[in-house]
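Residue numbers (our numbering), protein chains in the order written: chain Z, 210 to 400; chain B, 210 to 400.
Even for Gly, the Cβ is constructed at its ideal location relative to N, Cα and C.
A quick note: this is a predicted structure, and the numbers were derived from the prediction, not measured.
The structure appears right after this line, and notes come after that.
Number of protein chains: 2
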Amino acid sequence: MTERRQLLFLTGNKHKLREAKQILHDFDVQSKRIELPELQEINEQIIVEEKIRQALKVMDCEVFVEDTSLCFDALNGLPGPLIKWFEDKIGTRGLVDMLSAYSDKTAYAKCYVGYGLPARDGKDAKIMVFEGSVKGRIVEPEGTANFGFDPIFLPDGHDMTFAQMGPEEKNKISHRRLALEKFRAYLKKNQ
Amino acid sequence: MTERRQLLFLTGNKHKLREAKQILHDFDVQSKRIELPELQEINEQIIVEEKIRQALKVMDCEVFVEDTSLCFDALNGLPGPLIKWFEDKIGTRGLVDMLSAYSDKTAYAKCYVGYGLPARDGKDAKIMVFEGSVKGRIVEPEGTANFGFDPIFLPDGHDMTFAQMGPEEKNKISHRRLALEKFRAYLKKNQ
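Below, the structure is given as structure tokens:
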């Protein structure tokens, strides 16, 4: 058996780490919690690229980061990448209430994976971003599995929220799965 | 007549510049628009201090920056310093609608002024933050004067929104006035 290629996931979130390990199962995914300044931006691509740029200043191995967005169509894309502050301050209950003035409950869950390869052997550093997006709508909280906004996100074509699904089922269809699959395909092609 | 002390306001916002010139009338307030990365943070003090830290890397004169927050009590302080993204994406109409699920319409308008003095004559650089806060509530948009969230902010003890007041009247009582007055008092003591 060949040695699995090591990838360092820069995160302190154990849920995200668990999901990444499961999806990138043919890699040796390790994690490290480091403080990376996060830009106040509404464009996730810019946020993630800048995080990798900062990370490559202090790390000398292949790294990746992940950023999650929850975009309400009725709020023209908000909260977007600012979602974590909403979860902290008003929770999933508050997110549902905030939308109560609007009949349009459609939303996107988005995941952005940023990958960084340090400069080596005379080659420039490389920064790539992979995106996964799932359309759905915001519903009253249901379910307790998984984490974050999962209880209020009902993906299109399903009759369970992400929090009503088991981790395996969520990981088959989630925004994070889609982004990490693209990342995985890229890594496989560039062994 | 003595020369007025020059202060450089790092902003591209002409409304904020006008208000600062009016309030800091005994200083020679100039402005410069420079790109300063803004942290994704909910703590305004941290945002403003970091902006000044970044500014002092590239500027060699006394500078100040300003950051505005609008905090809804019903949303546990949100949008806070993230307000500009809400103004961009959903406007004042959206801010009012977002609150319609809540009977509590109370809010704070807050202004944070960050001041930076570069290291010189063997003395370390200095970074100070001055805060001004006005309590009020969120109402249906009224008035067209001034800017930003002024049409929906009714300060306590008044029967006009900031946008129904003329600039002079707003500048007598606003969050920006309170923060800039503290800044002015500090500068006067430290001529």
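- Beta-bridge analysis with DSSP links B:Arg346 to B:Thr315, B:Leu363.
- Beta-bridge analysis with DSSP links B:Arg393 to no other residue.
- In the DSSP assignment, Z:Leu219 is bridged to Z:Lys241.
- In this structure, B:Gly345 places its C-beta atom within 7 Å of the C-beta atom of B:Phe362.
- Excluding the 5 residues flanking it on each side, Z:Pro350 has same chain C-beta neighbours closer than 6 Å at Thr301, Pro360, Ile361, in chain order.
- Per DSSP, the beta bridge partners of Z:Val274 are Z:Gly323.
- Assignment of Z:Arg329 by DSSP, reduced to helix, strand and coil, places it in the strand class.
- In this structure, the beta-carbon distance from B:Val272 to B:Leu219 falls below 7 Å.
- Residue-level contact by beta carbon fails for B:Gln373 and chain Z, as no gap is shorter than 7 Å.
- Considering only B:Asn380, B:Asp368, B:Lys319, B:Gly325, the residue with the shortest C-alpha distance to B:Val267 is B:Gly325.
- For B:Pro246, there is no enclosing alpha helix (DSSP H), as DSSP marks it with neither H nor E.
- Interface residue (Cβ-Cβ distance to chain Z less than 7 Å): B:Asn285 is classified as such.
- Following the DSSP letters along the chain, one finds Z:Glu253 inside the alpha helix (DSSP H) bounded by residues 253–267.
- With respect to Z:Gly303, Z:Ile251 sits apart: the two C-beta atoms are not nearer than 7 Å.
- In this model, B:Thr370 and B:Pro364 are separated by some 7 Å (Cα to Cα).
- By the 16-neighbour rule on beta-carbons within 10 angstroms, B:Ser309 is exposed.
- At a cut-off of 7 Å, the C-beta of Z:Ala310 has a neighbouring C-beta in chain B.
- The C-alpha of B:Gly286 lies about 8 Å from the C-alpha of B:Leu279.
- For the C-beta of B:Lys298, the chain Z residues within less than 7 Å are, from N- to C-terminus, Leu284, Asn285, Gly286, Leu287.
- The beta-carbon separation of Z:Tyr321 and Z:Glu247, rounded to 12 Å, does not stay under the 8 Å limit for a contact.
- For the stretch 242–264 of chain B, the beta-carbon criterion of a distance under 9 Å to any beta-carbon of chain Z is satisfied by Pro246, Glu247, Leu248, Gln249, Glu250, Ile251, Ile256, Glu259.
- For B:Lys241, the closest C-alpha among the options B:Ala264, B:Gln249, B:Glu258, B:Pro376 is that of B:Ala264.
- Look at B:Pro290 here: in three-state DSSP terms it is coil, with no helix or strand label.
- The beta carbon of Z:Leu387 is closer than 6 Å to those of Gly341 in its chain, skipping five residues each way along the sequence.
- When 8 Å is used as the limit between beta carbons, Z:Leu291 is near these residues of chain B: Gln249, Leu291, Trp294, in chain order.
- Within the same chain, Cβ atoms closer than 8 Å to the Cβ of B:His224 are found at Asn355, Phe356, Gly357, the five residues on either side in sequence being excluded.
- Taking 7 Å as the cut-off, the Cβ atoms of B:Val257 and B:Val343 do not count as close.
- Taking 7 Å as the CB threshold, Z:Met268 stays off the interface with chain B.
- Apart from the 5 residues on each side of it in sequence, Z:Arg213 sits with its Cβ closer than 6 Å to the Cβ of Phe236, Asp237 in its chain, given in chain order.
- The residue from B:Leu216, B:Tyr317, B:Phe281 with its alpha-carbon nearest to that of B:Arg385 is B:Tyr317.
- Cβ contact annotation for Z:Glu390 (same chain, cutoff 8 Å, sequence separation greater than five): Ile232, Gly341, in chain order.
- Its chain contains Glu351, Gly352, Thr353, Ala354, Asn355, Asp359, Pro360 as the residues whose beta carbon lies nearer than 7 Å to that of Z:Ala372, once the 5 sequence neighbours on both sides are disregarded; these appear in chain order.
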